[in-house]
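Enquirer: In the working numbering, the protein residues as written are 4 to 381.
The beta carbon of each residue, even a glycine, is placed where N, CA and C say it ideally should be.
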């Protein structure tokens, strides 16, 4: 989720992976987004956020263990500071919209401003995608200190040991979630624990597994569809879970099987597409702005809904707009003539809007830096 521009050498496989991951997130918040990206074979909720965690693990550098406090401060700057600034902004948005009859989001309080982003993340609704930032931050910090404490483990097996340890923790966390511990402050802990194995997988893949990832595509995808078909037949349905609330209705092992399979499938797709569209400007723009898209895409949805509200009010061929749901339910999506495919309008606009927001912020920061620099030189 952090800006991939920070990498010295651009790995366009991961540019594609970030773009696919965030598109799936936006589509998931829009009832599928009007498109079917193998939703009938594997639930996007089983792996779309795991893609980001896996990618972060892949780019982890062991040199960070030499100065873990400096590393943590960098993560605070890159993840927590933007998260809370956006939380303050959307608190103001919710407050101002309340004067116009909107009842989306909670009231401003110390809890919703400072505590809820950590324990829940859904306090002001429009920025609820930001709930994922806290678990990611916790993983990054936890990992660097754990690996430093494991200095006595041989380097040749350290990544494997860490993966086994994180997977065990993840399974325990998933089991505790099933037993009803996924509430209040414990939810943030269980979210963090759930994603740990995917981070360790990214590290392990880079150090040990990548060199063996060379099966021909037809065999690779044949294995994927065979395994998925067997799983669907065994469960007599498509297994799925909800990581945001740590709801695992199909057991405490299957979430990791599905997560690992989903990552392996889309990463192979990215390897295939790298030479074709890896350097595409639109894809790279999406990949470089995943944080803004995660935070702002629901506001993008709201702008589209506002446009449709205007159309329904003044043009007869737009009908059946639910103005009550529009002002009270963040998940309400108006579809022209109830045509499911019109959801794609929301997805495209929300992504574009979020990128434009980040570009505006970058422009303001750049102008401010130039002004400050001129004043300092004068």
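Do you know offhand how far residue 54's Cα is from residue 208's?
Expert: Approximately 13 Å, taken between the alpha carbons.
Enquirer: Pick from 64, 129, 87: whose alpha carbon is nearest that of residue 330?
Expert: With distances taken between Cα atoms, residue 330 lies closest to 129.
Enquirer: Is residue 40 helix, strand or coil when you go by DSSP?
Expert: Coil at residue 40, not helix or strand.
Enquirer: Do the stretch 350-358 and the stretch 15-34 meet, that is, are 3 or more Cβ pairs less than 8 Å apart?
Expert: As far as the Cβ criterion goes, the stretch 350-358 touches the stretch 15-34, which means the pair count is three or higher.
Enquirer: For residue 279 and residue 321, what's the separation of their Cα atoms in angstroms?
Expert: Computed Cα separation, rounded: 40 Å.
Enquirer: Would you call residue 169 buried or exposed, if buried means 16 or more other Cβ atoms sit within 10 Å of its Cβ?
Expert: Result: buried.
Enquirer: Would you check if the stretch 129-143 and the stretch 291-305 touch, i.e. whether three or more CB-CB distances between them fall below 8 Å?
Expert: Yes, since at least three Cβ pairs between the stretch 291-305 and the stretch 129-143 fall closer than 8 Å, the two stretches touch.
Enquirer: Can you name, in chain order, every residue of its own chain whose Cβ lies under 6 Å from the Cβ of residue 107, other than the five neighbours on each side?
Expert: The answer, listed in chain order, is 128, 333.
Enquirer: Between residue 38 and residue 347, which are expected to be in contact by the criterion C-beta below 8 Å, what is the C-beta distance as a whole number of angstroms?
Expert: The Cβ separation is near 6 Å, so the contact holds.
Enquirer: Extract the residue ranges of the alpha helix (DSSP H) inside the stretch 184-246, only unbroken runs of 4 or more that lie entirely within it.
Expert: Whole alpha helix (DSSP H) segments, 4+ residues: 187-207, 220-238.
Enquirer: Is it buried or exposed, residue 150, if we count other Cβ atoms within 10 angstroms and call 16 or more buried?
Expert: Result: buried.
Enquirer: Which one or two residues does DSSP pair with residue 250 in a beta bridge?
Expert: Answer is 245.
Enquirer: Just checking, does the stretch 151-159 make contact with the stretch 93-109 on the three C-beta pairs under 8 Å criterion?
Expert: The answer is no - the stretch 93-109 does not touch the stretch 151-159, with fewer than three Cβ pairs under 8 Å.
Enquirer: Report yes if the CB atom of residue 120 is closer than 8 Å to the CB atom of residue 197, and no otherwise.
Expert: No, the pair does not count as a contact, with Cβ atoms beyond the cut-off.
Enquirer: With DSSP collapsed to three states, give me the class of residue 361.
Expert: If DSSP states are grouped into helix, strand and coil, residue 361 belongs with the helices.
Enquirer: Of the choices 367, 51, 88, whose alpha-carbon is the least far from that of residue 115?
Expert: Residue 88 is the option with its Cα nearest to residue 115.
Enquirer: Would you call the stretch 223-234 in contact with the stretch 179-194, where contact means no fewer than 3 C-beta pairs closer than 8 Å?
Expert: Cβ pair count under 8 Å is below three, so no.
Enquirer: Under 8 Å, do residue 360 and residue 295 count as touching if we go by C-beta distance?
Expert: It is a contact, given that the beta carbons lie within the stated cut-off.
Enquirer: For the alpha helix (DSSP H) holding residue 334, just list the boundary residues, first then last.
Expert: Premise fails: residue 334 is in no alpha helix (DSSP H) and is neither H nor E.
Enquirer: State the Cα-Cα distance for the pair residue 146 and residue 179, rounded to the nearest angstrom.
Expert: Those two C-alpha atoms are separated by around 21 Å.
Enquirer: Which of helix, strand or coil does DSSP assign to residue 176?
Expert: Helix.
Enquirer: So for residue 32, helix, strand or coil by DSSP?
Expert: Three-state result, residue 32: coil.
Enquirer: Is the beta carbon of residue 345 closer than 8 Å to that of residue 25?
Expert: No. Outside cutoff.
Enquirer: Considering only the alpha carbon of each residue, which of 343, 305, 314, 165 lies closest to residue 328?
Expert: That would be 305, whose Cα lies nearest to the Cα of residue 328.
Enquirer: Taking 6 Å as the limit between beta carbons, can you name the residues of its chain near residue 268, skipping five residues before and five after?
Expert: Cβ neighbours of residue 268 beyond the five flanking positions: 227.
Enquirer: Which term fits residue 136, buried or exposed, when burial requires 16 or more other beta carbons within 10 angstroms of its beta carbon?
Expert: With 16 or more other Cβ atoms within 10 Å, it is buried.
Enquirer: Would residue 63 and residue 290 be called neighbours here (beta carbons separated by less than 8 Å)?
Expert: Cβ distance not < 8 Å, so residue 63 and residue 290 don't count as in contact.
Enquirer: Rounding to the nearest angstrom, what Cα-Cα distance links residue 123 and residue 248 in this structure?
Expert: In a straight line, the C-alpha of residue 123 is about 9 Å away from that of residue 248.
Enquirer: Cα-Cα, which of 315, 336, 113, 74 is closest to residue 90?
Expert: Nearest option by C-alpha distance: 113.
Enquirer: CA-CA distance, residue 281 and residue 15?
Expert: Rounded to whole angstroms, residue 281 to residue 15 spans 5 Å at the Cα level.
Enquirer: Between which residues of its own chain and residue 174 is the CB-CB distance below 6 Å, once the five residues before and five after are set aside?
Expert: Here the set comprises 255.
Enquirer: Round the Cβ separation of residue 80 and residue 144 to the nearest angstrom and send it over; I've been treating them as touching at under 8 Å.
Expert: That pair is no contact at about 13 Å.
Enquirer: Hey, is residue 278's beta-carbon within less than 8 Å of any beta-carbon in chain C?
Expert: Looking at the structure shown, chain C is missing, and only one protein chain is on hand.
Enquirer: Answer with buried or exposed for residue 219, where buried requires no fewer than 16 other C-beta atoms within 10 angstroms of its C-beta.
Expert: Label assigned to residue 219: exposed.
Enquirer: So, with DSSP's three-state summary, where would you put residue 256?
Expert: If DSSP states are grouped into helix, strand and coil, residue 256 belongs with coil.
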